[in-house]
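Its first residue numbered 8, the sequence shown is counted upward by one per residue in the working numbering.
Cβ atoms here follow ideal geometry from the backbone N, Cα and C, with glycine treated the same way.
The structure under discussion appears below in the form of structure tokens.
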Amino acid sequence: MPPEPTPTPLIDRLSEELNYPLLDLSNIDEFLAQHDHSVLFFTQDIVRFPESNDVAVVLPELITVFSTLVPAVIARSDEKKLQSLYGFRSWPALVFMRGDQYLDAITGIQDWNDYLPMIQKIFESEPKRPLSIGVPVVSN
Numbered sequence: 008m009p010p011e012p013t014p015t016p017l018i019d020r021l022s023e024e025l026n027y028p029l030l031d032l033s034n035i036d037e038f039l040a041q042h043d044h045s046v047l048f049f050t051q052d053i054v055r056f057p058e059s060n061d062v063a064v065v066l067p068e069l070i071t072v073f074s075t076l077v078p079a080v081i082a083r084s085d086e087k088k089l090q091s092l093y094g095f096r097s098w099p100a101l102v103f104m105r106g107d108q109y110l111d112a113i114t115g116i117q118d119w120n121d122y123l124p125m126i127q128k129i130f131e132s133e134p135k136r137p138l139s140i141g142v143p144v145v146s147n
């Protein structure tokens, strides 16, 4: 039997109190299609990655500053599968999207004064292909 998940009150608050949608493989495409700009919060296990709690506190403040950005939390059950689509390498991660197109990701916790220019630059960038997290493919 798998171990009980670690309680995550700060992360749970995002969905339960602030009404951030909880996304998984069954509903992420529909969510992305409905929003011009979104940010997907990948938390992973808070025991291994306690910075996820810090990002859970900062994210609502970022949404206040970047009011066109629609936030969502990725369900733990599908985080690894979705990570492979977006190519970030460390946790926690904020993945920024324009519709269904990937813009960039910010991983870990950052200083507040670093977030603002980083996100502004992401908003101004063109969509791109996410980095690969696998073994690089080399052709002859």
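- Our two residues, Ser45 and Lys88, have alpha carbons roughly 19 Å apart in a direct line.
- When the Cα atoms are used, Met125 and Ser33 turn out to be separated by approximately 30 Å.
- C-alpha of Leu39 to C-alpha of Asp31: approximately 12 Å in a straight line.
- Rounded to whole angstroms, the gap between the alpha carbons of Trp98 and Asp43 is 25 Å.
- For Thr114, the beta-bridge partners assigned by DSSP are Ala100.
- Rounded to the nearest angstrom, the gap between the Cα atoms of Gln90 and Lys128 is 22 Å.
- The beta-bridge partner set that DSSP reports for Val80 consists of Leu29 and Phe48.
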